[in-house]
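Q:
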Ligand code: TXA
Ligand code: MG
């Protein structure tokens, strides 16, 4: 069966999308890069088994070479090919959550080149849920996979729409597949099996409680993990807008805003709760934006909003602290990194 007929079997995609997927697969086979949608954020993909293509990703992102990439696969059974010594609990989680926003860190197989893992003996693997991502992976063929970090410059906000990739990396990637707005909007949960007890290296759409419910055992949350395991999403400053961002409780937001406004600065106050909103706007250099009070909707919008706010030339973004609840963990984590200074 040729590549075209494989792609044509993908249900739910328009003929135009199917043609683009065939073209994208050809680019990837030839060692090029393709940005593609996933349910979390857009990825910048290259053929895992082609080190020169992988190096292009690092160059385009300005990403240090020792920061490993996530490998995207189209079937749970592909785990055998890319990882070894896979614990039973990892299989269980893959069965339960894939395709979906969970990355499993496992011992890598010899099929994973050094450049994908930054020389580490582990590899991050994930089966994405977006139909275009899955169709692209299937069009690549058996024993192929896509190494793909988020399709943004190192340290900046991940893209949740094709236009974001176009604006930031448009002249450097060989092709961008447009799959609309990402449904989750925040990067995958990363779970490491490096130690006996699985450890969450990066919170995401899948909560610790959801993982524990499948495993019937606890997982650890790596808050103050030593930086010997290099996960860029765990650096203190990451996912950052260009405009300085500060996080305050509802009760303090407006006071800080008015102090800054007195210095002739333009401030955007970003709230989610009724108490955050109830304060009167004290100065015309202070504007307010209300985010959803539901974590799923908040997470979906967050990155696109930060990009939008960045373009509006505010001097400061003052953001209301999210609720202290496990469902808000990924949002709190990203805001803390975005506010690190
Ligand atoms: O949702 C996602 O995970 C998106 C989409 C495109 O799949 N990808 C993504 O990739 O966020 P990236 O490269 O922006 O973030 C991947 C994170 C980095 O913090 C990286 O260091 C970590 O995963 N990572 C990858 N392999 C690892 C490994 N073997 N050990 C520890 N951390 C690893
Ligand atoms: Mg990233």
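Numbering (the working numbering), first residue to last: 5 to 345.
For every residue, glycine included, the Cβ atom is placed at its ideal position computed from N, Cα and C.
1) Give the DSSP bridge partners of residue 196, in chain order.
2) Residue 91: beta carbon under 7 Å from a heavy atom of ligand 1?
3) Per DSSP, residue 74 is paired with what?
4) If residue 49 sits next to residue 151, beta carbons under 8 Å apart, how far is it from one beta carbon to the other, in whole angstroms?
5) Just to confirm my understanding: we take residue 134, look at its own chain, exclude 5 residues before and 5 after, and list those with CB closer than 7 Å. What are they?
6) Look up residue 37 in the DSSP assignment and say whether it is helix, strand or coil.
7) Using only the alpha-carbon positions, how far apart do residue 313 and residue 296 sit?
8) Only counting the same chain, and skipping five residues up and downstream in sequence, which positions put a Cβ closer than 8 Å to that of residue 117?
9) Among 215, 322, 149 and 276, which residue has its Cα nearest to the Cα of residue 298?
10) Mind pulling the alpha helix (DSSP H) runs of 4 or more residues that sit fully within the region 126–164?
11) Spell out whether any CB of chain E is found under 8 Å from the CB atom of residue 57.
12) Indicate the three-state DSSP secondary structure (helix, strand or coil) for residue 104 in the structure shown.
13) Between residue 196 and the rest of its own chain, which residues show a CB-CB distance below 7 Å, the 5 nearest in sequence each way excluded?
14) For residue 280, which of helix, strand or coil comes out of DSSP?
15) Is there contact here, the region 251–270 with the region 319–339, by at least three beta-carbon pairs under 8 Å?
16) Start and end of the beta strand (DSSP E) containing residue 294?
17) Taking the alpha carbon of residue 214 as the point to measure from, which residue in 272, 340 and 333 has its own alpha carbon closest?
18) Check the C-beta distance from residue 76 over to residue 132 and give it rounded, since I have them as a contact under 8 Å.
A: Straight from the coordinates:
1) 109 and 203
2) no
3) 128
4) 7 Å
5) 41, 42, 43 and 183
6) coil
7) 16 Å
8) 52, 53, 55 and 58
9) 276
10) 135–144
11) Included in the structure is just one protein chain, with no chain E present.
12) coil
13) 109, 202, 203 and 205
14) helix
15) yes
16) 290–294
17) 333
18) 6 Å
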